[in-house]
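Here the structure is laid out as structure tokens; the discussion comes afterwards.
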Amino acid sequence: MSADSTPPPAMDGLTISDAVPEAEFSKRVLIKSILGRPDKGAGLAGRKVRIGGWVKTGREAEKGTLAFLQVNDGSSPENLQVLVKSEVYNASHVVATGTCVHVEGLLQTPPETATQQKIELQVTSVIAVGTVDAAKYPLPKSKARLPLELLRDVVHLRPRTNIISAIARIRNALAYATHTFFQNHGFLYIHTPIITTSDCEGAGEMFQVTTLINDAEKLEKEFKECPPPSEADLKDAELAVKDKGEAVAQLKSAKASKEEIVAAVSELTKAKENFAKLDERRKLGDRLRLSGGIPKQDGKIDYTEDFFARQAFLTVSGQLQVETYACALSSVYTFGPTFRAENSHTSRHLAEFWMVEPEIAFADIQDDMNCAEAYVRFLCQWLLDHCYDDMEFMTKHVDKTALQRLEMVAKSKFHRITYTEAVAILEEAAKKKKFENKVEWGIDLASEHERYLTEEKFKAPVIVYNYPKAIKAFYMKVNEDNKTVAAMDVLVPKVGELIGGSQREENYETLQKRILDMGLPLEPYQWYLDLRRYGTVEHSGFGLGFERMILFATGVDNIRDVIPFPRYPGRADL
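The sequence shown begins at 1272 in this note's numbering and counts up by one.
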């Protein structure tokens, strides 16, 4: 409890906080504080507590005079058994799956034969109940599990399921671990823009940000209500300007009074303004008729009339922008959402996903690999130290090797091989093992190749570096052989590539040539080239796909199930 908060009412000489730590900013005790103890809560028998949560399963007993509830509040994968007698509350109103209960009661030791739990709660007072219409509630009414793909249809309720809540806690732990790792190593957290005018990958698969379509729709609606002026309207307005102009000229010629001339000029100005408005509406009407209301110049969309006065997109990476801070503050990282308009329905692709992207000045590719390895090992150890109960749940219900995989990576020294060495290994393996994708120098390694290296050949994490220049992005450092770049990928079991990174090209002329060779326009990257013009520095960085890390940790098969609100072709619920 905070120092300025008022303690809860005393119960038999004890406050809630005397019994077990109360959740700050909430009038309850977390179920994890009860069941997460080494004795599983047994030592708390006789204590009074207040808890809140949702009923996972419930049943009536003893002819409706008693309700047995399994209650979970999201703090732990474990449920607390809660008993509600009919003299305290109507048992039939609390047993439905999904019901929310906020209750006070006495913790007691259950009969040895009754439950596997070491403690249960006998309710003495019901504070509040959020009821559920059991006939309409879409989640299972028993321990049966809905397939994960069906849970995507109730994305607003799926956090109440055991597996999605466990994934949420694991995701939270990995995010906390990410900030902890980089903060402990002196990195600054930088917020990079979501709206960008640069294409980091050069792939062109970007979501466009524009108001031109909305503007065109508004124009169409407006013109339906108030049609554009006719040619006659324009001629009348033009004639009015001419008449008013002649009137002013006549008054000046007749040396009329100043007041008369000012009044006539005012009338002329109004006539000109009216004509200008009508002419502008005529042009907008022509645009609506000819191009659906979208402004065009020389047959192309005129983005100077868009919101940002140029083409803008949702970012595919914060890397280019965060480099500006690395070239001033040395060690930085960004961690945020990124977007890709790739019309892919595979289990490994999302339209919106999160990236962790550190950038380090005065660092080469070896430093980059060292940082990536240390970071991945730190994440794995963090889950083992801080999220073991949820990892046990995932191991039991999703992937029996999940904990073993985490322990292996946390303790392993990552193998490092060049791309050329990797291809040689794969070519040798292809003599005995059939790969769906052909293996030859110059290809971008497929997932099956990556997983073979890490799961079968080395049985450990692998870092492949020095990739062919032709298959990598323009900003990567060109090696002395002029055939490869100082790029690296971290490969792990289950998912293959987890991290992609490189030493960045710090030479101005080389970088400029790479941009042109990739067929990209120079103008949007002039600011990026400025970092090489003015005080260039050797620097490196990488990107970790956050959802891929969760896939690796949990063993879940589809990336759509490890992000709270998945966006993919055809779906953007909520």
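Cβ atoms here follow ideal geometry from the backbone N, Cα and C, with glycine treated the same way. Everything numeric in this text was worked out from a predicted model, so none of it was measured.
Item                                                                                                                                                                                 : Value
Step through the CB atoms of chain C and report whether any lies within less than 8 Å of the CB of Gly-1564.                                                                         : Here chain C cannot be found, since the structure has a single protein chain.
From Leu-1621, Glu-1544 and Pro-1381, pick the residue whose C-alpha is nearest to that of Ala-1313; which is it?                                                                    : Pro-1381
Does the beta-carbon distance from Asn-1855 to Val-1359 come in below 8 Å?                                                                                                           : Outside the shown range of the chain, which is 1272 to 1845, sits residue 1855, and nothing can be said about it.
Please state the DSSP three-state secondary structure of His-1657.                                                                                                                   : helix
Using the C-alpha atoms, what's the distance from Thr-1451 back to Asp-1275?                                                                                                         : At Asp-1275 the pLDDT is 42, less than 50, meaning the model places this residue with poor confidence and gives no usable figure here.
Would you kindly report the start and end of the unbroken beta strand (DSSP E) that includes Cys-1371?                                                                               : 1371-1379
To the nearest angstrom, how far is it from the Cα of Gly-1284 to the Cα of Arg-1318?                                                                                                : A caution first: Gly-1284 carries a pLDDT of 41, below 50, which makes its placement in the model too unreliable to give a value.
At what residues does the beta strand (DSSP E) containing Thr-1609 begin and finish?                                                                                                 : 1602-1610
Check for me: the beta strand (DSSP E) holding Met-1679 runs from which residue to which?                                                                                            : Not the beta strand (DSSP E): Met-1679 falls in the alpha helix (DSSP H), residues 1673-1682.
For the segment 1306-1392, which segments carrying the beta strand (DSSP E) assignment without a break, of at least 3 residues, lie completely within its bounds, in sequence order? : 1319-1332, 1337-1343, 1351-1356 and 1371-1379
Expressed to the nearest angstrom, what Euclidean distance is found between the alpha-carbon atoms of Gly-1307 and Ser-1347?                                                         : 8 Å
Could you give the DSSP three-state label for Gln-1521: helix, strand or coil?                                                                                                       : helix
Going by other Cβ atoms of all chains shown within 10 Å of its Cβ, with 16 needed for buried, is Ile-1688 buried or exposed?                                                         : buried
Report the option in Gly-1814, Pro-1764 and Ile-1565 whose CA atom is closest to the CA atom of Glu-1488.                                                                            : Ile-1565
For Leu-1677 and Ala-1824, which I take to be in contact (beta-carbon distance under 8 Å), what is that distance rounded to the nearest angstrom?                                    : 6 Å
Evaluate the contact criterion for the segment 1555-1565 versus the segment 1490-1500: three or more CB pairs, one atom per stretch, below 8 Å.                                      : yes
Check this for me: beta carbons of Ala-1444 and His-1657, under 8 Å apart or not?                                                                                                    : yes
Thinking just about the alpha-carbon of each residue, which of Phe-1745, Arg-1423 and Ser-1357 is nearest to the one in Asn-1829?                                                    : Arg-1423
Per the contact definition of three or more C-beta pairs closer than 8 Å, is the segment 1770-1788 in contact with the segment 1566-1576?                                            : no
Along the chain, where does the alpha helix (DSSP H) containing Gly-1556 start, and where does it finish?                                                                            : 1529-1562
Any idea if Val-1353 is buried or exposed, counting beta-carbon neighbours within 10 angstroms, 16 or more meaning buried?                                                           : buried
Buried or exposed for Phe-1606, going by 16 or more other Cβ atoms inside 10 Å?                                                                                                      : buried
Where does the unbroken beta strand (DSSP E) through Gln-1582 begin, and where does it stop?                                                                                         : First-last for Gln-1582: undefined, no H or E at that position.
Would you give the residue range spanned by the alpha helix (DSSP H) that Ala-1446 belongs to?                                                                                       : 1433-1455
How is Lys-1740 classed by DSSP in three states: helix, strand or coil?                                                                                                              : helix
Taking Ala-1632 as part of the beta strand (DSSP E), name the residues at either end of that continuous run.                                                                         : 1623-1632
Name the residue from Gly-1841, Pro-1837, Pro-1764 and Ala-1843 whose alpha carbon lies nearest to the alpha carbon of Leu-1419.                                                     : Pro-1837
Determine the burial state of His-1848: buried for a count of at least 16 other Cβ atoms within 10 Å of its Cβ, exposed for fewer.                                                   : Residue 1848 falls outside the range modelled here, since the chain spans only 1272 to 1845, and no answer is possible.
With 16 as the cutoff for other CB atoms within 10 Å, does Ile-1742 come out buried or exposed?                                                                                      : exposed
Can the beta-carbon of Met-1626 be found less than 8 Å from the beta-carbon of Ser-1588?                                                                                             : yes
DSSP has Arg-1842 in a bridge; who is on the other side?                                                                                                                             : Tyr-1839
With a 10 Å radius around its C-beta and 16 neighbouring C-beta atoms as the bar for buried, classify Gln-1590 as buried or exposed.                                                 : buried
Restricting to Cα atoms, I'd like to know which of Pro-1795, Glu-1295, Phe-1685 and Ala-1580 is closest to Leu-1762.                                                                 : Phe-1685
What does the alpha-carbon distance come out to for the pair Asp-1832 and Leu-1822?                                                                                                  : 9 Å
Just to check my reading of the structure: Phe-1664 and Ala-1437 have Cβ atoms closer than 8 Å, yes? What is that Cβ distance to the nearest angstrom?                               : 5 Å
Starting from Met-1820, trace the alpha helix (DSSP H) in both directions and tell me its first and last residue.                                                                    : 1817-1825
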